[in-house]
Ligand code: SAH
Ligand code: SF4
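Numbering (the working numbering), first residue to last: 79 to 480.
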């Protein structure tokens, strides 16, 4: 979500003739797009802002913008009090109005614009936001508080954005939202929106992130079966393998319901790859609950999993983990090792299969199931080709273009 917002922010600068630089000393403006999903992210954002004091002292005419979720949580006043050298603060809820903040600092964009700016060239895989915020209330999560309730963007806006990104060179579109498959705008459902995006010329592949188990329907399964451009891949966060913990987390599904859902989707599309997120050390998570998470990893046959140590996002003492840091770390390490092992098994299952690879370079691309795939020859950036999978490296497939 932040990457997508950052790209929009960069484009707003691009309209004023700015280009991106990785070198702080060259920068005329700095934007820090902050995250607060875990405390560590917020702490990193704060120390990053602190380090920018030196830059601002050396470039007093430079502009410093703090945006995003940590900015929303901490508030503009608190940030400016602590870091008086900050010029503008735009919280996550107001991110659509970042243009106003820019106008206040730099003036409006010239009408003639800078159409040749590299900032308008889309990456091969481009994000398109279809909803903002979230209306669920998972007990551990700060997103609804900082990004607000779910708001679905009109299909017209989404299609315009996707069309512009395809025209700018994108081949893959990734639709974004916190419960992306809950999409509903007037009569347009998620599956209908997917169908509309799938029909856009120039599109090679369509992905979305993150769906929620509660919102899949038969129309989606039908579409997945019928549409080769719709990625055979779901990033479907499960968070825990224990029913007790899932209930405490208010996720709205049981382990069996989650597994039933992916079994049903895999029955319709056997090569569907599923990756997930896990949280370890949720308050009250016992060794047994954690063992359920480990077994869930195997049973779900997840190709990959992001694993996080639980981070309390409220002051409520009941929401602090009972585990100390070493115990938390031990669970994380154990899970990460299991994920690594499991991912290799899933990767090896692809040997002998024919996969469609969308190339990012001449020798590397990703399959519809989102596995990285290397080839010796035959690829070209932005093109797709069928490849026979002949082997695997650590984390990637090795294929031969057919
Ligand atoms: N909307 C998505 C997840 C968005 S947050 C969904 O519901 O699936 C991305 C991930 O961060 C979550 O899947 C979760 O695994 C992790 N996360 C969120 N809050 C967290 C917290 N307080 N501590 C640790 N991890 C957290
Ligand atoms: Fe947070 Fe995702 Fe739950 Fe929404 S669905 S509250 S974003 S974890």
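Built from N, CA and C at the ideal position, the CB exists for glycine as well.
Check	Outcome
Between 169, 214 and 246, which has its C-alpha nearest residue 201's C-alpha?	246
From residue 305 to residue 199, what distance separates their C-alpha atoms?	27 Å
Relative to ligand 2, is the shortest distance from any of its heavy atoms to the C-beta of residue 222 smaller than 7 Å?	yes
Threshold first: 3 residues or longer. Then list the beta strand (DSSP E) segments lying entirely within the region 385–466, N to C.	432–437, 442–445 and 450–453
To the nearest angstrom, how far is it from the Cα of residue 441 to the Cα of residue 281?	21 Å
Using a threshold of 7 Å, is the CB atom of residue 214 nearer than that to any non-hydrogen atom of ligand 2?	yes
Does the CB of residue 257 have a neighbour CB from chain B at under 8 Å?	As a matter of chain content, chain B is missing from the structure shown, which is built from one protein chain.
May I ask you to report which of helix, strand or coil DSSP gives residue 198?	helix
Does the separation of the CB atoms of residue 484 and residue 89 fall below 8 Å?	There is no way to answer for residue 484, as the model of the chain reaches only from 79 to 480.
For residue 386, which residues from the same chain have a beta carbon less than 6 Å from its beta carbon, with the 5 sequence-adjacent residues on both sides left out?	357
Residue 311 by DSSP, collapsed to three states: which one?	strand
Near residue 308, which residues of its chain fall below 6 Å by C-beta distance, leaving aside the five closest residues on each side in sequence?	284 and 302
On the DSSP letters alone, give me the boundaries of the beta strand (DSSP E) that residue 159 sits inside.	Where residue 159 is concerned, there is no enclosing beta strand (DSSP E), although the alpha helix (DSSP H) it sits in stretches over 154–160.
Mapping the DSSP letters down to three states, classify residue 318 as helix, strand or coil.	coil
Could you tell me how far apart the beta carbons of residue 374 and residue 333 are, in whole angstroms, since I believe they sit closer than 8 Å?	6 Å
For residue 461 versus residue 310, is the C-beta spacing smaller than 8 Å?	no
Leaving aside the five residues before and after residue 294 along the sequence, list all residues of the same chain whose C-beta is less than 8 Å from its C-beta, in chain order.	259, 339 and 343
So, at 7 Å on beta carbons, what are the nonlocal neighbours of residue 456 in its own chain, with the 5 sequence-adjacent residues on each side left out?	463 and 479
In whole angstroms, what separates the C-alpha of residue 209 from that of residue 79?	10 Å
Is residue 355 near ligand 1, in the sense that its beta carbon is under 7 Å from a heavy atom of that ligand?	yes
With DSSP collapsed to three states, give me the class of residue 375.	helix
Consult DSSP for residue 383 and reduce its assignment to one of helix, strand or coil.	strand
Is residue 220 closer than 8 Å to residue 114 when the C-beta atoms are compared?	yes
Please work out which residues of its chain come closer than 8 Å, Cβ to Cβ, to residue 105, disregarding the five sequence neighbours upstream and downstream, and give them in chain order.	99, 133, 137 and 140
Relative to the C-alpha of residue 204, which candidate in 169, 316 and 241 has its C-alpha closest?	241
The alpha helix (DSSP H) that contains residue 236, what's its start and end?	233–245
Between residue 372 and the rest of its own chain, which residues show a CB-CB distance below 6 Å, the 5 nearest in sequence each way excluded?	416
So residue 80 is in the beta strand (DSSP E); what residue range does that whole segment cover?	Not the beta strand (DSSP E): residue 80 falls in the alpha helix (DSSP H), residues 80–92.
Report buried or exposed for residue 430, applying the criterion of at least 16 other Cβ atoms within 10 angstroms of its Cβ.	exposed
So, residue 322 versus residue 367, is the Cβ gap smaller than 8 Å?	yes
Given this structure, state the Cα-to-Cα distance separating residue 239 from residue 121, to the nearest angstrom.	33 Å
Using three-state DSSP, classify residue 254 as helix, strand or coil.	strand
What I want to know is whether the C-beta of residue 115 ends up closer than 7 Å to one or more non-hydrogen atoms of ligand 1.	yes
Throw me the rounded Cβ distance for the residue 252 and residue 298 pair, which I believe falls under 8 Å.	Actually they are not in contact, since the Cβ atoms of residue 252 and residue 298 sit about 16 Å apart, beyond 8 Å.
Can you list, in chain order, the residues of its chain whose CB lies under 7 Å from that of residue 347, leaving out five sequence neighbours each side?	302, 303 and 310
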